[in-house]
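Respectively, the protein sequence lines represent chains A and G. For the first sequence, my numbering begins at 1 and goes up steadily by one. For the second sequence, my numbering begins at 1 and goes up steadily by one. Glycine included, every Cβ here is placed at the ideal spot set by N, Cα and C. It should be emphasised that the depicted structure is a prediction, and the values quoted were computed from it without experimental measurement. Here is the structure we will look at.
Number of protein chains: 2
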Amino acid sequence: MNNFVFKNSTELVFGKAVEEQVGEYTAEYGSKVLLHYGGGSIKKTGLYDRIIKSLQENKVDYVELGGVQANPRLSLVQEGIKLCHEENVDFILAVGGGSVIDSAKTIAVGAKYDGNVWDCFIGKGSITDMIPLGVVLTIPAAGSETSDSAVITNEEGWLKRPIGHPMMRPVFALLNPELTYTLPDYQTACGVSDMLAHTMERYFTNTPNVDLTDRLCEATMRSIIEQGPKVLENPKDYAARAEIMLAGTVAHNNSLDMGRETDWASHDIEHELSGIYDLAHGAGLSIVFPAWMKYVYKVNKPRFEQFAYRVFGIEPQFDGSDASIIKGIKALENFYVSMGLPIRLEDADIRDDRYEEMAKKATNNDTRTLGHFKPLDSKDIHEIYKLCAMSKKW
Amino acid sequence: MNNFVFKNSTELVFGKAVEEQVGEYTAEYGSKVLLHYGGGSIKKTGLYDRIIKSLQENKVDYVELGGVQANPRLSLVQEGIKLCHEENVDFILAVGGGSVIDSAKTIAVGAKYDGNVWDCFIGKGSITDMIPLGVVLTIPAAGSETSDSAVITNEEGWLKRPIGHPMMRPVFALLNPELTYTLPDYQTACGVSDMLAHTMERYFTNTPNVDLTDRLCEATMRSIIEQGPKVLENPKDYAARAEIMLAGTVAHNNSLDMGRETDWASHDIEHELSGIYDLAHGAGLSIVFPAWMKYVYKVNKPRFEQFAYRVFGIEPQFDGSDASIIKGIKALENFYVSMGLPIRLEDADIRDDRYEEMAKKATNNDTRTLGHFKPLDSKDIHEIYKLCAMSKKW
């Protein structure tokens with residue numbers, strides 16, 4: 001186990017009707033709020049009205065900025081920063097999923113940054129202060145509701161990049177599983193794929209002696225795999241929705257990576273896909289992760305045997321072959337398929353070959369490698385994109 | 001899953017040599033510190049000197065109060081409160097195990113409470129403020145290093161009682177597994193028993209639909225059971241010491257009980273034992289917990305079957321009998337025995353029968369029941385004490 005520091009001070013408020021407390025929670029931190037949201041589905045469901053009512057009842061003044069898209073854009077972030085300055089905003093309330101929260105986090109950082117906030121994404125600037133923010137979560141997926149990071153797409157060059165800082169965790173996160181009843185199946189499935197990927201990025205490590213966190217990761221993966229299909233079967237299954245919503249938070253609150261080196265190559269490889277094709281992030285991950293596994297598993301076979309056994313119940317081989325490892329990867333693919341997710345590029349209607357371009361972009365033109373389990377250069381990444389397109393018989 | 005609020009803002013700093021940062025961390029919060037510790041083992045090991053050096057290097061002034069015993073006493077707490085007032089202490093640094101931390105927490109609360117702090121233990125007063133405190137942990141067991149509660153023994157009547165408040169979590173906790181190398185085997189084993197009990201108090205619930213937290217509890221129990229014997233075998237096994245130390249924190253940081261009703265009857269029943277006989281808490285728990293299980297399992301057999309299967313790998317019976325449940329409880333007893341812990345009162349040289357007296361005290365003279373899995377009155381508790389004395393053939 002490596003030395004580590006863990007601190008996650010977000011107040012997680014979970015369960016039925018908790019969003020009705022939003023005004024009360026917000027009033028503890030701010031008096032002029034930027035209400036940030038997406039395409040307007042919160043207006044259709046009535047959530048918007050309930051939030052406004054709660055803010056008003058608690059005498060919280062607000063301005064609003066909607067329109068956050070999937071793969072949230074820098075241009076809207078800039079608009080938000082401007083609004084914060086003009087309106088003396090002292091708190092940001094994100095109502096939505098990971099895209100809205102990431103956009104809100106970046107506005108919160110940018111409003112206190114002297115310069116272009118994109119600097120902080122490319123190592124030209126650093127985060128020293130931010131406006132505090134709170135969250136009402138509507139899509140369990142990204143784990144951004146208690147995480148310390150955000151991912152934004154810069155339309156100039158369609159660069160999708162992350163930033164992180166301990167300060168960036170929301171001060172509160174209100175999670176009502178009932179708010180997720182109306183999510184389309186595909187979006188639910190993409191969320192499940194994302195939280196599973198967050199756990200796998202932490203699980204696949206070469207750090208020795210990480211028994212407890214291994215088991216905590218396995219617990220989270222098993223629960224996601226158990227509950228995911230239930231949610232698709234009955235979208236109003238409160239119990240299953242609650243498990244999935246909580247799993248999304250646990251998968252990304254950093255409790256699963258205490259003392260472990262993490263990977264994140266698959267996320268970076270996926271970011272190029274969804275950056276270029278505007279594919280849903282979770283759908284990109286269900287294509288990239290199995291391909292990554294096939295490419296890297298030989299680096300640490302026991303870890304993949306353990307994954308197959310403890311997560312999918314596939315007994316280890318005792319003949320020295322890789323059969324159980326392959327079965328484990330196929331079991332993961334089968335899970336994705338059962339959730340209606342793509343596992344090859346063609347399933348997502350991506351048929352052109354921009355592999356080399358994406359591999360170059362992912363490595364910033366061969367100036368960095370991706371991941372830690374096996375550090376990958378642009379040639380490795382090119383091979384992984386090829387595996388994303390290969391026959392399903394693999 | 002029940003509605004819940006989870007917030008644990010303690011900064012957990014974990015790994016080799018982290019105690020050397022204590023001055024730096026302390027200086028962030030206070031300038032006049034009460035250094036609180038136990039019987040002086042920290043002086044023998046040199047830890048005391050390293051801490052003083054770090055405080056001095058960071059220009060932190062301090063007063064000290066040692067002498068905390070196992071089952072920490074109210075009289076020393078009162079002394080600490082007096083010292084805080086006299087010396088204008090603005091931060092408390094606890095260096096030790098759960099007893100020292102609980103004593104420090106109670107001093108921290110008492111110093112800001114107008115009246116006798118014992119009021120807060122018996123419902124006559126409530127906690128509204130406290131001096132912040134930090135921890136250097138030397139015994140992995142109680143989980144008090146990030147928990148929001150404390151247990152103190154009042155010598156008047158030898159009443160052992162808990163208090164809790166969200167505010168009571170330490171602001172930082174420095175955990176170096178190397179500091180636990182010198183713990184005697186018995187103390188190590190008692191710590192392992194305590195953290196296992198903390199997980200079981202959360203695990204045995206009748207709250208339905210708690211799949212993820214069930215699995216997280218099981219992960220923690222399996223890791224404790226896997227790593228505990230390794231630590232006894234080789235006390236300087238850093239990897240195993242680290243797993244046990246981290247498990248002690250995870251077991252009691254409230255992440256394992258999100259959305260679940262918890263029990264705590266076994267703890268309360270044990271408190272009467274260790275309150276009267278001054279038995280180590282962990283040793284009392286290894287006697288009480290199996291007895292409690294035998295008395296209550298019929299309330300929810302599937303939960304005990306799941307425990308046997310998922311924690312100890314004992315396959316469920318398919319004949320309607322309780323055989324796998326019994327095997328599970330016996331497997332737990334065998335684990336305790338392998339750690340050198342008592343599983344019956346006679347193993348701890350307790351041969352007199354004060355069961356009725358203890359049962360009455362535990363229920364505050366029949367004015368409350370204990371636990372939630374099966375609420376227990378004094379007659380039930382009397383029966384459980386009898387089971388603590390019964391033949392090992394059970």
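In the DSSP assignment, His198(A) falls within the unbroken alpha helix (DSSP H) covering Asp185 to Tyr203.
Taking 8 Å as the CB threshold, Ala141(G) stays off the interface with chain A. Not a single C-beta of chain A is nearer than 8 Å to the C-beta of Asp278(G). Between Gly110(A) and Ile92(A), the C-beta gap is not smaller than 8 Å, which leaves the two residues out of contact. At a cut-off of 8 Å, the C-beta of Asn3(G) has a neighbouring C-beta in chain A.
Gly191(A) places its beta carbon less than 8 Å from that of Gly282(A).
For the stretch 199 to 211 of chain A, residues whose beta-carbon sits nearer than 8 Å to a beta-carbon of chain G comprise Pro208, Asn209 and Asp211. The Cβ-Cβ distance between Asn88(G) and Asn206(G) does not fall below 8 Å.
As a beta-bridge residue in DSSP terms, Ala173(A) pairs with Leu12(A) and Val135(A). Around the beta-carbon of Met195(A), 16 or more other beta-carbon atoms lie within 10 Å, marking it buried. In this structure the stretch 153 to 160 of chain A does not lie against the stretch 245 to 252 of chain A, because fewer than three pairs of beta carbons, one per stretch, are closer than 8 Å. Interface criterion met: the Cβ of Leu12(A) is under 8 Å from a Cβ in chain G. In the DSSP secondary-structure assignment, Lys32(A) is bridged to Asp61(A).
Using a Cβ distance threshold of 8 Å, Arg351(G) and Asn2(G) do not count as a contacting pair.
Residue contact check for Gln306(A) against chain G: no CB pair falls below 8 Å. Chain-ordered, the chain G residues with CB closer than 8 Å to the CB of Val18(A) read Asn3. Between Leu174(G) and chain A, the shortest Cβ-Cβ separation is not below 8 Å. For Leu246(A), the nearest CB of chain G lies under 8 Å from its own CB, placing it at the interface with that chain. The three-state reading of DSSP puts Lys160(G) in strand, counting E and B together.
Using a CB distance cut-off of 8 Å, Met258(A) counts as an interface residue toward chain G.
Under the three-state reduction of DSSP, Leu256(A) is assigned to helix.
Residue pairing for Leu376(G): DSSP places it in a beta bridge opposite Leu370(G). For the C-beta of Arg222(A), the chain G residues within less than 8 Å are, from N- to C-terminus, Arg215. Assignment of Ile314(G) by DSSP, reduced to helix, strand and coil, places it in the coil class. Under DSSP, Thr180(G) forms no beta bridge with any residue. Assigned with DSSP and collapsed to three states, Lys124(A) falls in coil, not helix or strand. Leu93(G) is bridged by DSSP to Leu35(G) and Gly134(G). Taking 9 Å as the upper bound on Cβ-Cβ separation, chain A lies near no residue of the stretch 72 to 90 of chain G. With fewer than 16 neighbouring CB atoms inside 10 Å of its own CB, Lys53(G) falls in the exposed class. Here the alpha carbons of Leu341(A) and Ile287(A) stand approximately 8 Å from one another.
For Ala291(G), there is no enclosing beta strand (DSSP E); the enclosing alpha helix (DSSP H) covers residues His281 to Val296. With fewer than three CB-CB distances shorter than 8 Å, the stretch 265 to 275 of chain A does not count as touching the stretch 325 to 332 of chain A.
Not flagged as an interface residue toward chain A: Ala70(G), since no C-beta distance is shorter than 8 Å. Beyond the five residues adjoining it in sequence on each side, Ser75(G) comes within less than 7 Å, by CB distance, of Glu155 in the same chain, given in chain order.
Counting along the chain, Ile225(G) sits inside the alpha helix (DSSP H) bounded by residues Asp211 to Glu233. For the pair Gly15(G) and Asp380(A), the Cα-to-Cα distance works out to about 34 Å.
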